[in-house]
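**Q** Chains as they are written, first to last, in the numbering used here: chain S, 747 to 1101; chain A, 747 to 1101; chain V, 747 to 1101; chain F, 747 to 1101; chain U, 747 to 1101. Beta carbons are placed, not taken as given, at the ideal position from N, Cα and C, and that holds for glycine.
1) Cβ of residue 1053 of chain A less than 8 Å from any chain V Cβ?
2) Tell me which residue opens and which closes the alpha helix (DSSP H) that residue 897 of chain V is part of.
3) What residues are listed by DSSP as bridge partners for residue 784 of chain S?
4) Counting along the chain, where does the beta strand (DSSP E) carrying residue 1041 of chain S start and finish?
5) Output needed in chain order: residues of the stretch 1010 to 1026 of chain A with a Cβ under 7 Å from some Cβ in chain V.
6) Could you tell me if residue 697 of chain V is buried or exposed, where buried requires 16 or more neighbouring beta carbons within 10 angstroms of its beta carbon?
7) If I follow the unbroken alpha helix (DSSP H) through residue 889 of chain V, where does it start and stop?
8) Relative to chain F, which residues along the stretch 973 to 988 of chain U have a C-beta separation below 7 Å, given in chain order?
9) Apart from the five residues just before and just after residue 747 of chain S, which ones in its own chain have a Cβ nearer than 7 Å to its Cβ?
10) Quick one, which of V/910, V/840, V/884 and V/907 has its alpha-carbon nearest residue 890 of chain V's?
11) Identify every residue that forms a DSSP beta bridge with residue 862 of chain V.
12) Let me check understanding here. Comparing Cα to Cα, which of F/1061, F/937 and F/960 lies closest to residue 873 of chain F?
13) Examine chain B for any beta-carbon lying closer than 8 Å to the beta-carbon of residue 1034 of chain A, and answer yes or no.
14) Looking only at C-alpha atoms, which of S/917, S/945 and S/1028 sits nearest to residue 997 of chain S?
15) Under a Cβ-count criterion, where at least 16 other Cβ atoms within 10 Å of its own Cβ denotes burial, should residue 796 of chain F be classed as buried or exposed?
16) Taking Cβ-Cβ distances shorter than 8 Å, what residues in chain V pair up with residue 1102 of chain A?
17) For residue 959 of chain U, return the contacting residues in chain F, with the cut-off set at a CB-CB distance below 7 Å.
18) How is residue 768 of chain U classed by DSSP in three states: helix, strand or coil?
19) Could you give the DSSP three-state label for residue 924 of chain V: helix, strand or coil?
20) Return the residues of the stretch 1057 to 1075 of chain A that lie within a Cβ-Cβ distance of less than 7 Å from chain V, sorted by chain order.
21) Taking CB distances under 8 Å as the criterion, tell me whether residue 849 of chain V reaches chain A.
22) State buried or exposed for residue 909 of chain F, treating a residue as buried only when at least 16 other CB atoms are found within 10 Å of its CB.
23) Are the C-beta of residue 1000 of chain F and some C-beta of chain U separated by less than 8 Å?
24) Spell out the partners DSSP gives residue 855 of chain A in its beta bridges.
25) On the three-state DSSP scale, how would you describe residue 881 of chain S?
26) Does the beta carbon of residue 1084 of chain F come closer than 8 Å to any beta carbon on chain U?
27) When the Cα atoms are used, what is the spatial distance from residue 1082 of chain F to residue 1065 of chain V?
28) Relative to the C-alpha of residue 922 of chain F, which candidate in F/811, F/1067 and F/781 has its C-alpha closest?
29) Does DSSP classify residue 842 of chain U as helix, strand or coil?
30) Measure the alpha-carbon distance for residue 843 of chain S versus residue 807 of chain S and round it to whole angstroms.
31) Round the Cβ separation of residue 1033 of chain F and residue 898 of chain V to the nearest angstrom and send it over; I've been treating them as touching at under 8 Å.
32) Measuring alpha carbon to alpha carbon, tell me which of V/857, V/1011, V/827 and V/760 ends up nearest residue 901 of chain A.
33) Find out if the Cβ-Cβ distance for the pair residue 1063 of chain U, residue 1062 of chain S is shorter than 8 Å.
34) Is there a Cβ of chain V sitting closer than 8 Å to that of residue 1007 of chain F, yes or no?
35) Which residues mark the beginning and the end of the alpha helix (DSSP H) in which residue 957 of chain U is found?
Structure follows, in structure tokens:
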């Protein structure tokens, strides 16, 4: 489950900082490197076998987007680090998939770590994948844990020159990648929102003993979503502060837009959490109410019949001298008394509004 | 219900920023465009068929208020955008009715998104509608999802030159629109306040099994109201900071006034939420108390009659040699014993204060 | 009750800002206007019929205090507004008795709205009254909803020249009025503190089914007190910032003094609220404990007698061949068995510490 | 109890600010004035009858510490105020023992109010006493409510010239007094910590019906401790800001030290409060568990014997034609059936894990 | 347990500041002093008997790391203090093992107190040990309570010149020590995370009466971890502010790295605490559910048999004239009635969904 993400960082304990260790799910898939190189007029798309093929694009004035699917190839990572002059801690952060989302500004390039959330097809479990982005004045390098189609809409926009993307610089491309990831949060949020609503109906209409656990699980997913989205908010806020020359003013309004979206997700998560807390209260009060009902049935039955049984017991005694037993109308009379007692009890319960 | 507002934003996932997609309730009503053009001395009111008729007013020195009911006509939106030189993200935000309330300052015009709350006639459900306002030095454009009468009092004031509105600039008109929306929050708050009080009476006097759900629903409405009012507070606070040349100093005091009102609403919402939390506690304690009462009745009846029934049972046994059975006064004597036992029990319960 | 104060503000919805509408309790009492005019050496006290009589004092260098009891006379308010050159929003705020406490600095005069809390004689209910204060370089105007004696001690000090008041300027008089109102909060706090303590005793010693409601009501009164005192704190903090020329440095230390007092009230209110929350927990645990006790009694009685009754039932059976029934010592023997069963049960309960 | 401290401040309501009224416990003990006058080389200790004897020391360059035990002598206070040129509000604060801890900087002297906490010998109840400190460039005046030995270790250090105290100025002496009071908080904290731990054992091992009240009381003491320590933190933080010429840089590191200690106390109080909240939850769950156990015993006994009693009842019926009654093995057969029913019940309970 | 750490500080109450008193666990192990002296080219490792042997290294330009295991030798401490010119409060803080983590900048050296967390081998209890670090331009002195192997990986890196450590200055060594301690927090966090998860399974699948206590204990460990990690965050944040000349810019990025790690630990601790709170709610609801189940069984059995027993009781009465008793089919008829009553009851329970 995706809330376990900080657990295995302990693998790195004791190693000198900057040591490259791939921490995360074992993957033996091949690494896939794709290159998009474009400006307003020209456009080139290419899939390369070795990272060295990508290096020449670096010195071209066009925007170059190198996307690397698969970060478990430490050799490859080292080469990228050397060529683009990256600090060893950057590389360490990229390959450690339990890294907390963050942004770091190294003057001539900016390094961003993000968490991508998506749902797995089969049982729609929420999964998390780490995406790292490095962008300089004319290049963007993105690292994914595995192949994915989250950036496909951006690729399509570059190919077809739809929207502004081909007219803008690398900062806009970086923004587009972040925006694509933030959009993923909306999808997750929508999913959790639907679950919350259907759970609310369950709580209101027919709570079962599993309901509390479901509320708990949903709450935990909300906590995780919040844990992923809060750092994203900080990252964008940091970018908006406008301290880097790499981010142009024309991109600012787009950053503000995605910032607004993260705020909206955060607001909604908080609202959902409030609702879930409320639902647990409702659930507990409905358990109490049901217990009350059970108790009332028991009390009514027992309270009516216990005295009657006592009366029957009295006339079941074997004393030799019990005058009532000899009366001709003793038996119907006892029935009358018993009916009277039962009637009084009923009246009492009605007054108490138990019936 | 109006708290669902962030749900469908996912429809935009994957689209390039600035793409116009109408997100919200399907509406096929015709778009209605009304124009108010005024200064202290002149005044003109007009309903136009096409937006092009409104454009000439832009270059007049008078204040022009263009009100557009219906934002689902994307073609119209695009024309407005082009003519008034609006950023594509503004248009996207206007037509996306799940936008979070916000303000953006584009030097020569200011863009504000707001949520209008109102109650629907039939079952007085709370509904939400998005209102967008753009104002420049001599024009205000307001966008509503559908026709509504919330701004009628402002229209009347312009027509009759009541109050200061005709003497002031476009910023005062924008303020008036915001104020009208904030007033709507007061009405909702009043409604929720009444509900809270009547629910409080219910909790105190005759709580039912539905009470907890009612508290929960009211809490949720409070959360939603708060979610709408907080961004409004930020918006007005932003306007008050006085960084825009479009907002004159004479309008500032009015902004401070509406700001105070939002603070008052927020305060009250928090107070109501505290009260609702308290009411749930009272409700739960009253459930416990009632269970206690049921238990006490059961205990008293059972505890008195179970021993008596036992005694009756003893003398119902068929042993051949049971001397008591032969006693002449055996039967009355047993009644005496049983009365004694019952009496002792009663004393015990009285001492325990259960009777 | 005094926590309802924001409710009726909706009466103003739709009116242009600055419209004078008296919102609050209907009062038909006459308006009473008193004037104190003093400096270190001279002193004049006067009750006037019309506000016009008060206007000449404005231009004298002495400090003039105009106290107006009754704000429902809108005509009078308008005259005051014109003569002292007050913004129409000030007048609106004064006559709207559901105004949130606030301070506004208009360069040549400062406007303050406050909530006065006091207890009503009969059933010592807490009541709220709005007091507005306007002070300029040589005048103070105070507005009360109705006649009251809260400022009598200040009047007495002016008459007898006790303390520093006659030596100081109008800002000190304004401070004195605020201080008198803050003192009222101490009295309310003391009252609530006493209620809290007596309620705590009730919770500890003999909680009833009404106790939870009492805790809830007291909590609500605490919330209200806090809602009134917080804005007061902000007001004084604002005055202390020393941005106005109307407030002399010599008055600052007195403002700091009353500021400390508001902090003390806030601290205490928070402490009381913590205590009340704790008391509800105690109450709930005592309900649970009592239920436990009831259950134990039921369990003990039932558990002892149910098996005994069963044994008696067995020997009440009418089988022809039941050898025990023929035994000479059958009856005493059964009593022995029954005593044994009861004894074992008692031992079990003692081991469980239920007896 | 020491949390009542804000209660009686209402005695001052209506009085002009700066009026001297002794508010606090009635004390008729004599006032005791001791003087320490020292520098690195000389040292003089003296107990004086009248405050006038202390005045000459003021103009000597040595550090003079005047300690006054007993603040109910208003005449004495007035004399001190006049001679040392103290503002009337300072005197008012000193004699009002319900003053909130605070610091005020009057350029040539600094005024500090503190709460001293200590435990009373007999039943180790926590008591509070107000200590006020005024220090100028070469004098420190300390005021205590009654004679106490809290400052004895400081006196001893001055006498024996132990530590740095004789080498430092009046600010170090003031620091030493504050430090002595902060040390007292550690002792209280230790005491409350021990109580918390023993209460935790009680909750875990054998909770009684009084446990919840004990938790509540301890919580209240924590709240009070926090209420006293927070202002102390603010006071020291204020002194550290270094705005006063009266506090030398060499003393700063000592202030930082005592500041760290207050933070440590605050941290621990918060931790204890978290633990106490947790303990209440444990207590409530243990009540529920015990109720569960009681219920189970009742259920098991009742559920086994109620059907058996029914069977016995059936064969106690007096129908003329009941073939079973005539059977030779009827009686043993019924015993068999009853044993079977009981056995099945036992199996059922074992499967439910109730046995 | 490690959360008791502030308890014994009271031993120092009354002592002048700067007094050396060893506060902490009694240890009679010998003190062990090791020296590492290195620069990029040279390297020397030595274990010395007396601290005086270490002093000559101070004046060499190489980086000297003096590690002292055992701080109970006050004599040794005093010598170190004199030679390295340390303030007496530093020494006091080093030997008081209940010191709160902190950093202090003395221009030519920086003093840091930290808490090292580790698990004890046997029952994996969490233990705490205080580590103090002093570093100047070319030396680092570290103090541990006892011998430990936490810094071994750093020693190895120095010996083998692995990583950057030999190329960097003393600030990097200090960073490495802090990083090693922060790594220890990750190990503890991982351990607590595993406990949390296994406890969650227990709550969901088979909660026992001990579960609540386990949740409470784990919560307490979380509180303690947080209490240790928060000051660490402040310390690193303080170092990053870049105000000291002792910390070079090249080390900054490493500090930011360890800062990120502390944030990650804090985030996770908060998440775990939220989860634990949720688990307690689940636990309580599962207790309620089980009580409900017990009640239902009792109610079903009692409600079915009590009326039947009553019927049997009626026909066990000894009235002379009871016509039913003489009927030939009376007995089977009664069985029929009883079966009917039982059947109706069952239907009722089925409709209530209790069966």
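**A** Taking the geometry as given:
1) yes
2) Careful: residue 897 of chain V lies outside any alpha helix (DSSP H) and carries neither H nor E.
3) Here residue 784 of chain S is bridged, per DSSP, to S/789 and S/809.
4) Residue range 995 to 1060 is occupied by the alpha helix (DSSP H) that includes residue 1041 of chain S, with no beta strand (DSSP E) assigned at that position.
5) Per Cβ criterion, the list reads 1010, 1013, 1014, 1017, 1020, 1021 and 1024.
6) Because chain V is modelled from 747 through 1101, residue 697 of chain V falls outside the range shown and cannot be assessed.
7) No alpha helix (DSSP H) holds residue 889 of chain V; the beta strand (DSSP E) holding it covers 885 to 890.
8) 973
9) In this prediction, residue 747 of chain S has a pLDDT of 37, which is less than 50 and means its spatial position is unreliable; what the coordinates show is noted afterwards. Cβ within range, chain order: n/a, list empty.
10) Residue 890 of chain V has its Cα closest to that of V/840, out of V/910, V/840, V/884 and V/907.
11) DSSP links residue 862 of chain V through a beta bridge to V/875.
12) The option with the nearest alpha carbon to residue 873 of chain F is F/937.
13) Reference to chain B is not applicable here, since the protein chains of this structure are S, A, V, F and U.
14) S/917
15) exposed
16) Absent from the model: residue 1102 of chain A. The displayed extent of chain A is 747 to 1101, so no value can be given.
17) In chain order: 950 and 1028.
18) coil
19) helix
20) 1059, 1060, 1062, 1063, 1064, 1065, 1066, 1067 and 1068
21) no
22) buried
23) yes
24) According to DSSP, which records beta bridges pairwise, residue 855 of chain A is partnered with A/852.
25) Here residue 881 of chain S sits in strand by DSSP.
26) no
27) 15 Å
28) Ranked by how close their Cα comes to the Cα of residue 922 of chain F, the residues F/811, F/1067 and F/781 have F/811 in first place.
29) strand
30) 32 Å
31) The pair is not a contact, with the Cβ atoms about 54 Å apart (cut-off 8 Å).
32) It is V/760 whose Cα lies nearest to the Cα of residue 901 of chain A.
33) yes
34) no
35) 957 to 986
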